[in-house]
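UniProt numbering numbers the first residue of the sequence shown as 1 and each following residue consecutively.
From the three backbone atoms N, C-alpha and C, an ideal C-beta is built for every residue, glycine too.
Values in this document were obtained by computation on a predicted structure and should not be read as measured data.
Okay, structure first, notes after.
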Amino acid sequence: MIDLGLSKIAIIGVVALIVIGPEKLPRVARMAGTLYGRAQRYLNQVKSEVSREIEMEELKNLQKEVQEAAHSVKQSVEKSMHGVENSISGNLAEVENAWRGDSSSYEGHHDAHEAMLRATNEDLARKAREFRRKKLVRNSAIPGWYKQRHGGKQHVQSAAARVARFRPRASSSSFYS
């Protein structure tokens, strides 16, 4: 902007005093100050609007990038879902054919069919026992932290006894002894 030093301001003040006169000088100075303040506020307002517009443009670009990324992720998920659905429907058809005993349409997967037939009653009973045990552990009313610490329910203990048992002990040394 304009480079105004102390000497230049003094010269302007003396010229204004001579031209305007001592009676009108305070009023003119006040008016010049208010105009200068208005000009500064207007410039600051324009600067803030320009910066706001720049930020909005950046946000629009960011939104566009995020939408493109989301669209590409959506397409890849849909593509993988179609692959999974096709795989599941193919496997389901193979299982149904194997269940019916239709070996002509069960091409190339003869080993899996034999493995299904080899499942014995003991395997099924063992799996049933494991399932019941896991379901009991999953549905029990024992807190997770207690299960982790002790590996399972050993005996019933009240909440007050549990708090007393796991409360940190105060050290025996003190400052006054």
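query, result
"Terminal residues of the continuous alpha helix (DSSP H) containing residue 34?", "25-100"
"Over the uninterrupted alpha helix (DSSP H) stretch that includes residue 14, give me the two end residues.", "6-20"
"To the nearest angstrom, how far is the alpha carbon of residue 83 from that of residue 95?", "18 Å"
"So, helix, strand or coil for residue 169, using DSSP?", "coil"
"Given residue 42, which residues of its chain have a CB within under 6 Å of its CB, disregarding the five upstream and five downstream residues?", "none"
"Rounded to the nearest angstrom, what separates residue 36 and residue 71 at their Cα positions?", "52 Å"
"How big is the Cα-Cα spacing for residue 122 and residue 150?", "31 Å"
"So for residue 156, helix, strand or coil by DSSP?", "coil"
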